[in-house]
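For the sequence shown, the working numbering assigns the number 1 to the initial residue and increments by one for each residue that follows.
A virtual CB, placed ideally from N, CA and C, is assigned to each residue, including glycine.
What you are looking at is a predicted structure, and each value in this text was computed from that prediction instead of being measured.
Beneath this line is the structure, given in structure tokens, with notes to follow.
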Amino acid sequence: MLHVHPLQIETLSIAPTTTEIKSLTKPPLFTAIADIAQPGYLSEQTPRHPARCVMDVKRSVPPGGVVVVEPGLLGLWFARTFPTETPGTIIVPAWSKPGAAAAIGLIAAIHGRHATVITSSPMDEITAAIQEMGTQIEAPVKIEQWGPTDIDLSKTQSLIAVAGEVLAWKT
């Protein structure tokens, strides 16, 4: 027996369509961000280039995993330069509250997704409490703290100049 929810009927009745690709030219914003990020993906500098940090995290995430990054400069780099194949792979909360990224990561882990949370150093008390809770329930969540010895954020103004400032985190 096939069960179809009434809201799915409309979707099922729409004829499939294909979209013709008119151009393979990348949008100017994509190219501008790539010009800043790509040299950093392979950089061996210490502290690491932000794009290298993004790529290192990308390589460490298992299939089906999620990366949650606290809002701010770290979140800006991840939101703009994290290469995704699947929607929902990278999450940067639109509000800046202590522990928000860690809480989202823990919820994702409870729902069966491996979660990597990136937070700035030093870790706030709420994030630390969420990390302890994750350890106690053996949830697949990893929380990393990054500070000035881990990531060089001096290139951030270049990224903001081409991609624009994020206003959501200022509230």
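Residues near residue i in its chain [Cβ-Cβ closer than 7 Å; skip 5 each side]
| i | result |
| --- | --- |
| Val92 | Val69, Pro71, Gly75, Phe78, Ala79 |
| Ala139 | Leu106, Ala109, Ile110 |
| Ser121 | Gln145, Trp146, Gly147 |
Option nearest residue i by Cα separation, candidates the options
| i | options | result |
| --- | --- | --- |
| Met123 | Pro39, Val162, Pro63, Ala101 | Ala101 |
| Asp150 | Thr119, Ile160, Ser158 | Thr119 |
| Ala103 | Gln38, Phe82, Ile126 | Ile126 |
| Ala115 | Leu42, Pro62, Thr84, Ala128 | Pro62 |
| Gly112 | Thr135, Thr86, Val141, Glu132 | Val141 |
| Phe82 | Ser96, Thr135, Ile36 | Ile36 |
| Gln45 | Ala161, Arg59, Gly134, Ser154 | Ser154 |
| Gln145 | Thr135, Ala128, Ile137 | Ala128 |
| Thr86 | Lys58, Ile160, Lys97 | Lys58 |
| Leu42 | Asp56, Leu29, Phe30 | Asp56 |
Residues near residue i by beta carbon distance below 8 Å, same chain, minus five either side
| i | result |
| --- | --- |
| Val166 | Pro71, Gly75, Leu76, Ala79 |
| Pro47 | Pro148, Thr149, Asp150, Ile151, Asp152 |
| Thr84 | Ile90 |
| Gln38 | Ala51 |
| Ser60 | Thr116 |
| Ile160 | Leu76 |
C-beta contact flag for residue i and residue j at 7 Å
| i | j | result |
| --- | --- | --- |
| Gly40 | Ala51 | yes |
| Ile130 | Gly99 | yes |
| Ala168 | Ala94 | yes |
Supposed contact pair residue j and residue i - C-beta distance, whole angstroms, cut 8 Å
| i | j | result |
| --- | --- | --- |
| Val66 | Thr89 | 6 Å |
| Leu73 | Thr156 | 5 Å |
Cutoff 6 Å; reference residue i; Cβ partners in own chain excluding five residues on either side
| i | result |
| --- | --- |
| Ala32 | Val162 |
| Ser158 | Ile36 |
| Gly134 | Leu106, Val141 |
Identify every run of the alpha helix (DSSP H) within the stretch 100-158, keeping only runs that are complete inside it and at least 4 residues long; order them along the chain.
For the stretch 100-158, the continuous alpha helix (DSSP H) assignments of 4+ residues that do not extend past its boundaries occur at 100-110, 125-136, in sequence order.
Could I get the ranges of all uninterrupted beta strand (DSSP E) runs contained in the stretch 31-71, with 3 residues as the minimum, in chain order?
66-69
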